[in-house]
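Read through the structure below, which is laid out as structure tokens, and then see the notes.
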Amino acid sequence: MPATTINNYSFISTFKKYVNSSVVLIFFTVLALLYANIPFIKDLYFSIWGHEVSLSIGNFNFFSHNGHAMTLGQVINDFLMAIFFLSVGLEIKREIRVGELSTKEKALLPIIGACGGMLVPVLIFWLACPGDPAMTRGLAIPMATDIAFSLGVLSVFSKRVPVGLKVFLAALAVADDLGGIIVIALFYSSHIDVLYIILSAVCVLAMVLGNIFKCRAKSFYVIIGLVLWYMMLNSGIHATIAGVITAFCIPATLKKGTGHYLERIRQNVNKFPVIDIDEQHNTIVLTNDQIHTLKSIESAADKMISPLQDLEDNLHGLINYFVIPLFAFANAGIDLSQMSVGSLFSGVGLAVMLGLVLGKFLGVFSFSWLAIKLNIVQLPANTTWKAFASVCVVCGIGFTVSMFIADLSYAGLGAEGAALLSQAKLGVLVGSVVSAILGVILLGKTLPKES
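Reading the sequence shown from the start, the letters are residues 0 to 450 in numbering that gives the first Met the number 0.
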């Protein structure tokens, strides 16, 4: 099968995977907003995230940080989001090795666009909140593009969207996620504990050695990844980074070449005994030899899938239909009765909204336009400048990672931090909705009409 076919299939399957889950994500976001504003429910809604969670073996609690049990909200934001970033890391590694980030020609346009889409929103946020140290802790909030929502917008137009535009947006969102991961690792780590850093390094070394000695058991990497998460949680480096590190350590290659396993499958198929069929009950009665042969075929087929792709496939349902909806339900709830319309048009709310709606578009489009005009890269095939600009507007849908960074930015600041966090979340919601609506309108006008 040609490499281009594999890569196109990769992005088509990614496209279908995310757009199906975007409806679930919208539902839980709306549900969170409703619960946070219904008088007889909102107290329960906000209090439930503060309940302590325990996963104990004897006196040891896995969900503990510096000797204190974690709350349900912390488990969602620190543990479940580490699983989300594990999935993101697997996708990034796959695209770097064999996908749309695997060569300079493929990767340059989305990477250049992503750089602009990260730098310009930060600049706009800073201009909107000059000289306020507390507010500027949220500089990175409008950097992200939510892959589920953004691809969901493109799905509205089905086959009218050129494949090149879908590939560009998906690859840009992946590059954005990588940028977000780097920002979290560098700027959102707390007090560093050297002992736990050393223990974290030992975990990483164990996974590297597993690669060297051709260990392809997913359970080996998952178990060590869980230990790594606990060590990093207590090290001061944000625990979600453990998910990314684990993903980068999971093998993307097979123990032996695909030809070896294909030959095993062919040999077993050729020697497969004749099956006796019970015509009366329409059932197949297998002998022990037949069962053994089928299991040999199954084993060889399983080994043709790399641990990276196998785990990525196993995780996608958990991530898209449990982790992200639960994260949205826990974090999107904003008590609007405590806010005025003016809070959206001043301070952090305005900075985040402008960063997403204006900053993402200007950054992605201007950096891409300059690179194309300088003949560094080319405009995606079968795409007009107007359609390309419309997709750049869609990049302003931030949501998941933006919400996550907002929570990291204003945690530990007391009442002021809580107020800033509510403003930031409102800015993320409004900015993402405005970008989505503008994107739908502009794409409807600029995409070719369906024949």
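Note that CB positions come from ideal geometry on N, CA and C, so glycine has one too.
Name the one or two DSSP bridge partners that Thr70 has. Position 71 of the sequence shown, counted from the start, is the residue given in the question as residue 70. Its beta-bridge partners are Glu51.
Apply the 10 Å Cβ neighbour rule to Ile56 and answer buried if 16 or more other Cβ atoms are within range, or exposed otherwise. Here residue 56 refers to the residue found at position 57 of the sequence shown. Exposed, by the Cβ-count rule.
Is DSSP giving Asn381 helix, strand or coil here? For the purposes of this step, residue 381 is taken as residue 382 along the sequence shown, with counting starting at 1. Three-state DSSP puts Asn381 in coil, outside helix and strand.
Option in Ala386, Val347, Ile296, Lys103 with minimal Cα separation from Ala170: Locating residue 170 in the sequence shown gives position 171, counting from the first residue. Selected option, being the one with the closest Cα: Lys103.
Just mark Asn76 as buried or exposed, buried being the case when its beta carbon has 16 or more other beta carbons within 10 Å. Taking the sequence shown and counting its residues from 1, one reaches residue 76 at position 77. By the neighbour-count rule (16 or more Cβ atoms within 10 Å), Asn76 is buried.
I'd like to confirm the pairing. Which residues does DSSP put opposite Asn60 in its beta bridges? Mapped onto the sequence shown, residue 60 falls at position 61. Partner(s): Ser55.
Cα-Cα separation between Leu153 and Val166, rounded to whole angstroms: Residue mapping note: residue 153 aligns to position 154 of the sequence shown, counting from 1. Residue mapping note: residue 166 aligns to position 167 of the sequence shown, counting from 1. Looking at the two C-alpha atoms, the distance is approximately 11 Å.
Does the Cβ-Cβ distance between Gly438 and Ser389 come in under 8 Å? Position 439 of the sequence shown, counting from 1, holds the residue named residue 438. Position 390 of the sequence shown, counting from 1, holds the residue named residue 389. Going by C-beta atoms, Gly438 is nearer than 8 Å to Ser389.
Burial state of Trp384, where buried means 16 or more other Cβ atoms lie within 10 Å: Along the sequence shown, read from residue 1 onward, the residue named residue 384 stands at position 385. Exposed, by the Cβ-count rule.
Of all the options Gly443, Ile371, Met352, Val347, which has the alpha carbon lying nearest to the alpha carbon of Pro132? In the sequence shown, counting from the first residue as 1, residue 132 sits at position 133. Nearest option by C-alpha distance: Val347.
Identify which residue in Leu373, Phe61, Phe83 has its Cα closest to the Cα of Pro324. Here residue 324 is taken as the residue at index 325 of the sequence shown, counted from 1. Ranking the options by Cα distance to Pro324, first place goes to Phe83.
Based on Cα-Cα distance, which residue from Leu253, Ala414, Gly179, Ala174 lies nearest to Phe212? Counted from its first residue, the sequence shown places residue 212 at position 213. Of the candidates Leu253, Ala414, Gly179, Ala174, the one whose C-alpha sits nearest the C-alpha of Phe212 is Leu253.
Apart from the five residues just before and just after Leu232, which ones in its own chain have a Cβ nearer than 7 Å to its Cβ? By 1-based counting over the sequence shown, the position of residue 232 is 233. Same-chain partners within the cutoff: His64, Asp77, Ala238.
Of all the options Gly66, Ala246, Ala184, which has the alpha carbon lying nearest to the alpha carbon of Leu89? Your numbering for residue 89 matches position 90 in the sequence shown. If we check each option's Cα against that of Leu89, Ala246 comes out closest.
State the Cα-Cα distance for the pair Thr28 and Leu261, rounded to the nearest angstrom. As a working mapping, residue 28 is identified with position 29 in the sequence shown. As a working mapping, residue 261 is identified with position 262 in the sequence shown. Each residue's alpha carbon lies about 46 Å from the other.
Fully enclosed by the segment 130-213, which alpha helix (DSSP H) runs are 4 residues long or longer? 146-154, 162-186, 193-211
Closest to Ala370 by CA distance: which of Leu33, Ile111, Val22 is it? By one-based count along the sequence shown, residue 370 stands at place 371. The option with the nearest alpha carbon to Ala370 is Ile111.
With a threshold of 6 Å on Cβ separation, who are the neighbours of Leu194 within its own chain once the five nearest residues in sequence on each side are excluded? Numbered from 1 along the sequence shown, position 195 holds the residue referred to as residue 194. So no residue of the chain qualifies.
By how many angstroms is the C-alpha of Val393 removed from the C-alpha of Met303? Locating residue 303 in the sequence shown gives position 304, where the first residue counts as 1. Locating residue 393 in the sequence shown gives position 394, where the first residue counts as 1. Met303 and Val393: Cα-Cα distance of roughly 37 Å.
Pull up the distance between the alpha-carbon of Leu335 and that of Val207, whole angstroms please. In the sequence shown, the residue the question calls residue 335 occupies position 336. In the sequence shown, the residue the question calls residue 207 occupies position 208. Their Cα atoms are separated by approximately 48 Å.
Under 8 Å, Cβ to Cβ, is there at least one residue of chain C near Thr239? Chain labels in this structure do not include chain C; a single protein chain is all it has.
Continuous alpha helix (DSSP H) stretch holding Leu307: start and end: Residue mapping note: residue 307 aligns to position 308 of the sequence shown, counting from 1. Residues 306-317.
What distance in whole Å lies between the Cβ atoms of Met352 and Ser421, which are believed to be in contact at a cut-off of 8 Å? Taking the sequence shown and counting its residues from 1, one reaches residue 421 at position 422. Taking the sequence shown and counting its residues from 1, one reaches residue 352 at position 353. In fact, because the Cβ distance is near 14 Å, the residues do not count as touching under 8 Å.
What does the Cβ neighbour count give for Val268, buried or exposed, with the cut at 16 atoms within 10 Å? Within the sequence shown, the letter at position 269 stands for residue 268. Burial call: exposed.
Is the Cβ-Cβ distance between Ala435 and Phe148 less than 8 Å? To locate residue 435, count along the sequence shown from 1; it is residue 436. To locate residue 148, count along the sequence shown from 1; it is residue 149. Their beta carbons are under 8 Å apart, which means Ala435 touches Phe148 by this criterion.
Look at the alpha carbon of Lys372 and the alpha carbon of Ala174, and state the distance between them as a whole number of angstroms. Counting from one through the sequence shown, the residue named residue 372 turns up at place 373. Counting from one through the sequence shown, the residue named residue 174 turns up at place 175. Roughly 22 Å separates the two Cα atoms.
Contact belief for Asp145 with Phe321 at Cβ below 8 Å, rounded distance in angstroms: Taking the first residue of the sequence shown as 1, we reach residue 145 at position 146. Taking the first residue of the sequence shown as 1, we reach residue 321 at position 322. That belief does not hold up - the Cβ atoms of Asp145 and Phe321 are roughly 17 Å apart, past 8 Å.
Would you report the Cα separation of Val432 and Leu425, rounded to the nearest angstrom? On the sequence shown, residue 432 is found 433 positions in, with the first residue counted as 1. On the sequence shown, residue 425 is found 426 positions in, with the first residue counted as 1. If I take the Cα positions, the gap works out to 11 Å.
Taking buried to mean at least 16 other C-beta atoms within 10 Å of its own C-beta, is Ser199 buried or exposed? To locate residue 199, count along the sequence shown from 1; it is residue 200. Label assigned to Ser199: buried.
Cβ separation of Ala327 and Leu79, assumed to be a contact under 8 Å, to the nearest whole Å: Position 328 of the sequence shown, counting from 1, holds the residue named residue 327. Position 80 of the sequence shown, counting from 1, holds the residue named residue 79. Ala327 to Leu79, Cβ: 12 Å. No contact.
Going straight from the alpha carbon of Val119 to that of Ala143, what length do you get? Your numbering for residue 119 matches position 120 in the sequence shown. Your numbering for residue 143 matches position 144 in the sequence shown. Roughly 12 Å between the two C-alpha positions.
What are the boundary residues of the alpha helix (DSSP H) that includes Ile110? Locating residue 110 in the sequence shown gives position 111, where the first residue counts as 1. Its alpha helix (DSSP H) spans residues 103-127.
Segment limits, alpha helix (DSSP H) that includes Ala234: By one-based count along the sequence shown, residue 234 stands at place 235. Correcting the residue identity first, residue 234 is Ser in this sequence and not Ala. That run of the alpha helix (DSSP H) goes 217-234.
Could you give the distance in angstroms between the alpha-carbon of Gly66 and the alpha-carbon of Tyr220? As a position in the sequence shown, residue 66 is number 67, starting the count at 1. As a position in the sequence shown, residue 220 is number 221, starting the count at 1. Cα to Cα, Gly66 sits roughly 26 Å from Tyr220.
In chain order, what residues of the same chain have a beta carbon less than 6 Å from the beta carbon of Lys217, not counting five sequence neighbours either side? Sequence index remark: in the sequence shown, residue 217 carries index 218 (1-based). Cβ within range, chain order: Pro306, Leu310.
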